[in-house]
Amino acid sequence: MRSAHPLPLVLSFLLIGGGLVAWWAASFEHAAVLAHLNAISPDGDVRSYSSAFHTRVQGHLIVLAVGLLALGLLVLAFRSKAVLVLAGERGPGHLRQRWLSVRKDLVKRTSPAHKRMVLLMLFVGVVVRMWMLSLPVTYDEAFTYTYYASRPLHIILVDHSYPNNHILHTLLVKLTTSVLGVGKVSLRLPAFIAGVLVMPLWYVFVRRMFNRHIGLLALAFVVASARLIEYSALGRGYSITWLFLIGELVLGRDLVKENSPFTAMLVGVLCALGMWTVPTMIYGAAMVYIWMFLSIWTRYKDSLKARLLNLAWSAVVFVVLTGLFYAPVLVLSGVEGMLHHDTMPDNDLATFSARYGDDALHLWAWFTDPSHYWVGVAGFMGLVFAAYISTKYRFLLAGMFLGAVPLVVVQLMVAPPRVWTYTLFIFHLGSAIALYYLLKLVHDKLWPAFSERRRTFMAALLITAAFVWPAMTVLLNDSGRTTQAADTAEYLSKKAGAQDRIMVQFPWEAPVEFEAIARGMDRAAFHRRGPVQGRLFVVVGTVEGQSLAGVAAHNELPASDLPPMVMVQDHEGLKTFAAP
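Counting from -9, one number per residue, gives the positions in the sequence shown under the numbering used here.
Written out as structure tokens, the structure reads:
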């Protein structure tokens, strides 16, 4: 039975087949590839794909082909050992039975009142995140669609010229926009689904790690967390990485206890999928592996070696799969292009030393801005107390810091605040633990009739009520969300003809084009080059200091060729000019 398991054989054939395809692709001529790229480019002119660049890509393809063939043969040679992982006593069947048992136990040990409270928290979380779906589109979201998700699949898989291509998320956005049509909801749907699913998964993890009361409090903090609400309904890949991260924590707890090679493999798979979504998942993945290592090292002695070998096996799966997922990107960009984007500033020790303090304060301000300063201070005090009283929490906190700080130092860069949203789960857990023990102290010293269930329910409701409204207010007034792009696109969709040309410049080109496509316009109007054939429209962002001639020059139209223009729309600093 075990020898008949098909997955290792299928995987080896896929790897060998991929190697043969890569070898075949290396034989393509530069002219043929360039013609294909020009044909699928919005403006029909890809200037960066030179003959020298093509030669470099061919070399990368040959290296990839050899690597895939070798890996495929390796899997084929060791398929019997792989079968032991997939069909052994601690394989998928064991994991399924264990989780059925866990589910049955959770249901049995949960009172109807507690179930209703958890469902209420989840309902509130879904509603506030659903409300976010209707807010104006941001630049990064619009760019994700116009530059990546609107392009063919093979381009999405290989092009990482901008950090906006969160590849797995982009593929999901392409799916939803292809099926449901282009719009804000379909653009945000993958992130929204992940942001909703992470809430019950988070509750399950905390409940199994601590108890149901801390689980409910931790859920309430996550439900009402402004930045988690924001990125749970934003067309970016961060909420998908949270889902993978919490899934890794859930499976990681089982791996520490059960030492299952199959569970170890699943942890590696989830880490790799998270990396394929956003490369900054490396911080979260490092946190999980350090946390598991500390948990194993301090808990087991006799079986320590076997457990560490399983942990190493998980890390190997993670690294190999991540390499396979990013192989197409590496073919096009190389390792250097993958690790350092041309769009990102150069990092050096002097700049890092001068800026890391300000960057850390900016991160603190971004986290605490939706609430009061004292809330952030209280949260920090709660974190310190939780780390003092709970060994389990200390290990999570140690994993978070040790998984992030060394990488920050190596990179000589503090990543933007949005990258660190995953840490909010750990911070909120610290607040939940501290609040639980504070309420217990109130019960023990001041109010004996204040039962555990009652105080937990009241605290969860107060957390939600106290934090959701300020969060929504801050997010609604976000300067990055404005209606100008939608209003401008609405006007253009009614006035622009089939042969007309529309000129826009950063930071308005992506939002205006996205909103125009959502209204059924042909995007070709935004990418025409050469002499103007039809009517000309120029969109000028005066707040950004743009001018009519400057936007035209940016779109390769000399001032001498610019026809007389009149302003036809002015919406809060975004002006539209048109040729009469």
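C-beta: ideal position from N, C-alpha, C; glycine also.
- Of the residues assessed, N545 falls on the buried side of the cut-off, its CB having 16 or more other CB atoms within 10 angstroms.
- DSSP, reduced to helix, strand and coil, places D560 within a strand of the structure shown.
- Scanning the region 304 to 331 for uninterrupted alpha helix (DSSP H) segments of 4 residues or longer gives 317 to 329, listed from N- to C-terminal end.
- Under DSSP, R491 forms a beta bridge with L526.
- The three-state reading of DSSP puts G531 in strand, counting E and B together.
- Inter-residue distance for V319 and Y135 is about 19 Å (C-alpha atoms, whole angstroms).
- With a cutoff of 7 Å on beta-carbon distance, V395 and V404 are scored as not near each other.
- The Cβ neighbour count for T341, taken over all protein chains shown within 10 Å, is under 16; the residue is labelled exposed.
- Per DSSP, reduced to three states, the secondary structure at A405 is coil, with no helix or strand assignment.
- Residue pairing by DSSP leaves A388 without any beta bridge partner.
- Taking all protein chains in view, the Cβ of Q474 is crowded by 16 or more other Cβ atoms within 10 Å, so the residue is classified as buried.
- In the DSSP annotation of this structure, the continuous segment of the alpha helix (DSSP H) that includes K98 starts and ends at 82 to 98.
- Under the criterion of beta carbons closer than 8 Å, R106 and V186 do not qualify as touching, at roughly 19 Å.
- Under the DSSP assignment, D477 falls in the alpha helix (DSSP H) whose first and last residues are 474 to 485.
- Per DSSP, reduced to three states, the secondary structure at F18 is coil, with no helix or strand assignment.
- Per DSSP, the continuous alpha helix (DSSP H) segment holding F415 begins and ends at 413 to 435.
- Each residue's CA atom was taken as its position, placing A350 and W410 some 11 Å apart.
- With fewer than 16 other Cβ atoms from the protein chains shown falling within 10 Å of its own Cβ, I30 counts as exposed.
- In this chain, H156 is not harboured by any alpha helix (DSSP H), its DSSP state being neither H nor E.
- Taken through DSSP and simplified to helix, strand or coil, K174 comes out as helix.
- The Cβ-Cβ distance between L158 and T270 does not fall below 7 Å.
- Per the Cβ contact rule, the region 189 to 199 is not in contact with the region 139 to 147 (fewer than 3 Cβ pairs under 8 Å).
- Assignment of beta-bridge partners to F567 by DSSP yields V528, M557.
- Assignment of alpha helix (DSSP H) within the region -5 to 67, counting only whole runs of 4 or more residues, yields -3 to 15, 20 to 30, 41 to 67 in chain order.
- Looking from the CA of A139, the closest CA among I507, S222, R86 belongs to I507.
- For A340, the uninterrupted alpha helix (DSSP H) segment begins and ends at 339 to 358.
- For R198, the closest of P102, L96, A42, L233 by C-alpha to C-alpha distance is L96.
- The three-state secondary structure of T136, taken from DSSP, is helix.
- The beta carbon of Q48 lies closer than 7 Å to those of A16 in the same chain, with the five residues before and after it left out.
- When the Cα atoms are used, L(-3) and H20 turn out to be separated by approximately 37 Å.
- A Cβ-Cβ contact shorter than 7 Å links V307 with G258.
- W498 sits in coil when the DSSP states are folded into three classes, being neither helix nor strand.
- Inter-segment contact for the region 423 to 432 and the region 199 to 218 is present: three or more beta-carbon pairs are separated by less than 8 Å.
- Taking L387 as reference, the option from L402, F370, D338 with the minimal CA-CA separation is F370.
- N300 sits in a helix when the DSSP states are folded into three classes.
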